[in-house]
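Have a look at the structure below, then the notes.
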Amino acid sequence: MNSGMALLSGTGEAPGDDEGALIAAAQRDPAAFGDIYQRHVAQIYSYLRVRVGEDEAADLTHQVFVRALDALPRYRDRGVPITAWLFRIARNAVMDTHRRRKGTITWDRLPEAMQPATGDDLADGMIQRERVERLRQLLTDLTPEKQELLTLRFAGGLTVREIAGILGRSEGAVKMELRRTLHALKERYDAD
Amino acid sequence: MRTDEDLRRTYADLLDGDTVDLVPIVRDLEAALPLRQPADSLTTAFNRTLAERAARGSTARRSFLHHFHARTAGLGWPMQGMSLAVLILLLAALVGSVAYAASTFIRVAPPEQPNVLATSSPVIGMFFPPPWYAQYRPIGPRRAARESGSALAYLRQPPAGFSTSVWIPVAQPLKVPTPRPAPGLQGISMAIRSVVQYRQGSHAILVALDQPSQRLAAKPLLLGEHTVHLANGHSAWTTVIAGSEESNMVATVNGNYLVVLASDLPMPAVERLATEAVVVPASGSLPVRHIPADWPPPLPPRSPPAGIWIRVVPSDLHASEAHGRLHLTFMFSIGNAGAAPARDIQTAIELPPVLARHAVDAPPHWHFSKLTTGGEAGFGGDMTVDVSKMSRATVQGALTRGIEVRVAWIDDAGNYRVRFITFRVRELRHFR
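Residue numbers (the working numbering), protein chains in the order written: chain A, 26 to 217; chain B, 387 to 818.
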């Protein structure tokens, strides 16, 4: 299906077409890539927002999809879903960004990016705000690998299976690691 | 709020089979690491990239025309032509509706209302008088409006003996829309469309035509300290700004615009002159004449524009022990290789927040440049941080590891770009 560029909107619903057909259409006609973009942009943006901060997330999201668009003619479905492929591009972009920043006095975005941007999300008001703030502190103490896992699962909205595909690990190993992390967070959370 | 059952379903691959109740922590993790939609303008930007790619490869264009011909092939050429005309009309209607949607209707908060500051956007003190870099041309306002296509406000009958000059800023926004402005200033933006200056000796009257962004105008605007009623029956809002040469200000609303008069003349005279204000609407059809609904955008579709290059060279970073100061010296150059039209560019250089709190002068550092075709401009600057109250480790870290600063620039089409560059001692770093 080629829905055309004019039909794209930032908040549109993901189309229900088969992903393989979408990819094939986009490989024939770049305009059809809009459907793939629309389906995945929120996941990629949310992931990047946590990983590099709000300042650069939009810019990096744009870059990720441009890179994907450039590489799409070479994309072959070898059991790697397009979601995993896009997240691999996003992770590489994050690593490039962190390499560039290494050792500098940076804008220190991570803690801020982890805060919900609006109060709308905190329906329970102050109490949950405080809980989230405490959790945010605990998250920054985790290893980068564990932060990455949580970010992929929550901000990226990916399933354990999808995360395993991106990281090249077994589904069981990813599930175990995520569970351990949740238990450890809960223990520290309750102990405070 | 999502129910526990809903969360258990969503995170079944994590929670199923676990004896410990992890739902509360999962709930808080959802709030701490939310799934967010980016701003619509990101999609708009990507659409443009797609359009460029499609045009470059012409695959999409061929495909579109192919489909059009295929669908109308059996109709014969008169019907094909008619179908194409209908299509063009539909596209024109679509563009028209977008422009209409971008228009703003200004609501005014009465200053006499209790707690008005809590429910309105105060604008006069923030956006007027015009900036110091305003450059007035000694031409008549009607000619200026005609030549520029910009909307403009002027006095139908200015006082006798006053000379007239006009400033029409090419770079419209007053604030570079940095991605993370100070709290409370998100989306606060105003475009100065024009300022007409009437001057006689030491007396001056400034007539500005301003246009608030949609986000700013989402709340009622507080336009002055007092509501007054002009002789023509219209409401106006007056303010006296102490310390300003043109201290008496009168603001009125005209459609999507604010007309602001400022003068050293007595307030009753300024109120009387406000009834003489005439607004010439924009005659240019360029979309840059409007402030789009999603302005300021998060990033441009493609920038710098073809042919424009920008280079910031962090030329030095050193600490002065005696004065407790850290200096970041930079050279900044910007050029037009000749392929791009002349344009105005504003640039802001900002320190990271941890250092900005100790900056000697208020960041960001601003630069304004006008690029002619085939031209180049250069600046030098120095950002100074008082490190006397900072830890020695932080200062040493800055000197040994470097400092990342943010450079934001915006062109006169409203596109902007943000780049991070690192100041290191004697390191040169370029970016495009």
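Note that the Cβ used here is the ideal one computed from N, Cα and C, for glycine as well.
Proximity below 7 Å, CB of residue i to CB of residue j
| i | j | result |
| --- | --- | --- |
| Val646/B | Ala637/B | yes |
| Ala537/B | Arg585/B | no |
| Leu609/B | Glu657/B | no |
| Ala590/B | Val581/B | no |
| Arg3/A | Ala82/A | Absent from the model: residue 3/A. The displayed extent of chain A is 26 to 217, so no value can be given. |
| Val409/B | Asp392/B | no |
| Leu210/A | Leu174/A | no |
| Arg178/A | Val119/A | no |
| Phe58/A | Ala51/A | yes |
| Ile61/A | Val89/A | no |
| Val771/B | Leu741/B | yes |
| Val157/A | Ala431/B | no |
| Arg493/B | Pro606/B | yes |
| Val614/B | Thr624/B | yes |
| Thr808/B | Gly783/B | no |
| Leu203/A | Ile411/B | no |
| Leu171/A | Val185/A | In the sequence under discussion, the amino acid at residue 171/A is Lys, which differs from the Leu named in the question. The answer is no: Cβ separation not under 7 Å. |
| Glu611/B | Pro497/B | yes |
Rounded distance between the beta-carbons of residue j and residue i, thought under 8 Å
| i | j | result |
| --- | --- | --- |
| Leu712/B | Val773/B | 5 Å |
| Leu111/A | Pro55/A | At roughly 16 Å, the Cβ-Cβ gap does not stay under 8 Å, so Leu111/A and Pro55/A are not in contact. |
| Thr168/A | Leu419/B | At roughly 16 Å, the Cβ-Cβ gap does not stay under 8 Å, so Thr168/A and Leu419/B are not in contact. |
| Thr108/A | Leu85/A | Thr108/A to Leu85/A, Cβ: 17 Å. No contact. |
| Asn634/B | Ala648/B | 7 Å |
| Gly190/A | Gln68/A | Rounded, the Cβ-Cβ distance is 14 Å, inconsistent with contact. |
| Val666/B | Glu736/B | Between Glu736/B and Val666/B the Cβ distance is about 37 Å, and since that is not below 8 Å, they are no contact. |
| Ala539/B | Ala425/B | That belief does not hold up - the Cβ atoms of Ala539/B and Ala425/B are roughly 32 Å apart, past 8 Å. |
| Ser71/A | Arg810/B | Going by Cβ atoms, the distance from Ser71/A to Arg810/B rounds to 33 Å, so no, they are not a contact pair. |
| Leu541/B | Leu659/B | 6 Å |
Member of the options whose CA lies at the smallest distance from the CA of residue i
| i | options | result |
| --- | --- | --- |
| Met717/B | Ala660/B, Asn642/B, Val793/B and Val781/B | Val793/B |
| Asp414/B | Arg159/A, Arg186/A, Ala216/A and Arg204/A | Arg159/A |
| Glu196/A | Arg542/B, Ala594/B and Asp399/B | Asp399/B |
| Leu592/B | Tyr522/B, Tyr643/B, His612/B and Val781/B | Tyr522/B |
| Ala745/B | Asp768/B, Arg493/B and Leu428/B | Asp768/B |
| Ser777/B | Ala504/B, Ser719/B, Gly710/B and Phe432/B | Gly710/B |
| Thr405/B | Arg205/A, Arg213/A and Tyr214/A | Arg205/A |
| Pro544/B | Glu533/B, Gly526/B and Leu602/B | Gly526/B |
| Val552/B | Ala437/B, Ile411/B and Ala531/B | Ala531/B |
| Gln597/B | Thr505/B, Pro738/B, Gln499/B and Leu644/B | Leu644/B |
| Gly193/A | Arg64/A, Val105/A and Asp43/A | Val105/A |
| Ala668/B | Phe806/B, Ala660/B, Lys775/B and Arg528/B | Arg528/B |
| Gln63/A | His87/A, Asn117/A, Glu79/A and Thr165/A | His87/A |
| Leu602/B | Thr505/B, Asn433/B and Leu401/B | Thr505/B |
| Gly587/B | Ala546/B, Gly619/B and Ala604/B | Ala546/B |
Residue i - DSSP class collapsed to helix/strand/coil
| i | result |
| --- | --- |
| Asp596/B | strand |
| Ile554/B | coil |
| Asp404/B | coil |
| Leu167/A | coil |
| Val89/A | helix |
| Phe817/B | Confidence is the limiting factor: at Phe817/B the pLDDT is only 33, short of 50, which leaves the residue's position unreliable, though a coordinate-based value still follows. Coil. |
| Arg523/B | strand |
| Gly721/B | strand |
| Leu183/A | coil |
| Asn634/B | strand |
| Ile492/B | coil |
| Arg99/A | helix |
| Val666/B | strand |
| Thr733/B | strand |
| Ser536/B | coil |
| Gly55/A | In the sequence as displayed, the identity of residue 55/A is Pro instead of Gly. It is helical. |
| Ser506/B | coil |
| Gly197/A | helix |
| Asp390/B | helix |
| Arg413/B | helix |
| Pro772/B | It should be pointed out that residue 772/B corresponds to Asp in this sequence rather than to Pro. If DSSP states are grouped into helix, strand and coil, Asp772/B belongs with the strands. |
| Ala745/B | strand |
| Leu607/B | strand |
Bridge partner(s) assigned by DSSP for residue i
| i | result |
| --- | --- |
| His612/B | Thr624/B |
| Glu790/B | Thr808/B |
| Gln583/B | Ser551/B and Leu592/B |
| Asn640/B | Tyr643/B |
| Ser649/B | Ile591/B and Asn634/B |
| Ile73/A | Note that residue 73/A corresponds to Leu in the displayed sequence, not to Ile. DSSP output for Leu73/A lists no bridge partner at all. |
| Ile578/B | Asp596/B |
Proximity test, residue i beta-carbon vs the ligand NAP heavy atom, cut-off 6 Å
| i | result |
| --- | --- |
| Gly710/B | The ligand NAP is not among the ligands present in this structure, which contains no ligands whatsoever. |
Residue i: contacting residues in chain C (beta-carbon distance under 7 Å)
| i | result |
| --- | --- |
| Glu416/B | No chain C is part of this structure, whose protein chains are labelled A and B. |
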